[in-house]
Amino acid sequence: MFPVVVLAIAVSLGFPHQERLLDLARGSEPSRPSIAPRNMENCRIRGRAAGQSGGKPPFALTVEAFDKPEYRMGEAIVVDLKLTNTSNQALTIPTVLADQYYEPFEGEESIQFAVTILVKDAGGEEHELMGTVLRGSTKYSDTTQSLDRGESIKIHFPGHSLVTDTVSDPVTREGQLMASLLITDGECRMWDVVRSTGVGKVRVRNR
39 MFPVVVLAIA
49 VSLGFPHQER
59 LLDLARGSEP
69 SRPSIAPRNM
79 ENCRIRGRAA
89 GQSGGKPPFA
99 LTVEAFDKPE
109 YRMGEAIVVD
119 LKLTNTSNQA
129 LTIPTVLADQ
139 YYEPFEGEES
149 IQFAVTILVK
159 DAGGEEHELM
169 GTVLRGSTKY
179 SDTTQSLDRG
189 ESIKIHFPGH
199 SLVTDTVSDP
209 VTREGQLMAS
219 LLITDGECRM
229 WDVVRSTGVG
239 KVRVRNR
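Quick note: to get our numbering, add 38 to the position in the sequence shown (first position is 1).
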């Protein structure tokens with residue numbers, strides 16, 4: 039079952055709603071050295087949920103904004119996403135970049151979000167532009183946030199477009215910008231991929 043946070047019901051006092059923000063921009067250097075992706079601790083392969091599917095996750099993902107209509111290989115990109123809890127209960131989302139997460143990644147309390155920004159071309163093919171991984175656990179403070187039922191959070195996602203050396207790739211690719219979310223937990227359970235609809239029109243120059 040997807041991690042659930044039990045919250046007390048609050049009475050609305052009519053104050054204006056302030057949009058929540060999860061900013062993925064890297065701040066100062068972490069107190070401990072970053073962990074190379076190949077050395078990051080993965081879920082327990084022999085966990086009781088290994089190989090099981092969590093089904094369709096109760097989230098909706100939307101691309102709200104991107105910083106420019108054209109990108110070059112390796113260039114900086116800034117995308118704003120909106121993640122909405124579509125269930126009738128509060129859910130947990132991770133908030134720590136995976137290479138800065140130093141706690142054990144195990145158990146149903148541990149959750150991982152792999153977020154990918156893609157370009158969907160006219161033929162419907164999806165091409166990865168950039169991505170990141172977030173981790174957290176309800177067992178460790180300041181590694182997760184709770185998202186109440188029907189609530190949304192804005193995710194500010196700065197990064198760099200992937201550098202590829204595939205000669206067969208076209209010099210220029212055009213399409214709509216979209217995002218995907220893959221959720222796994224510390225018991226190796228995996229949920230169906232959440233995809234946004236494509237928005238706008240972007241051009242990516244590969245060389």
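By construction, the Cβ of each residue, glycine as well, lies at the ideal position given by its N, Cα and C atoms.
The residue from V101, S91, P96, P196 with its alpha-carbon nearest to that of T235 is V101. Within a 10 Å sphere around the beta-carbon of G162 sit fewer than 16 other beta-carbons, which makes this residue exposed.
Just so you know, the alpha carbons of F151 and G224 end up roughly 12 Å apart. In the assembly as shown, S179 is an exposed residue. Its beta-carbon has fewer than 16 other beta-carbons within 10 Å. Secondary structure at D159: coil, using DSSP grouped into helix, strand and coil. Here D186 carries a coil assignment [DSSP, helix/strand/coil].
In this structure, the beta-carbon distance from I193 to L129 does not fall below 8 Å.
In the DSSP assignment, R211 falls within the unbroken beta strand (DSSP E) covering 210 to 224.
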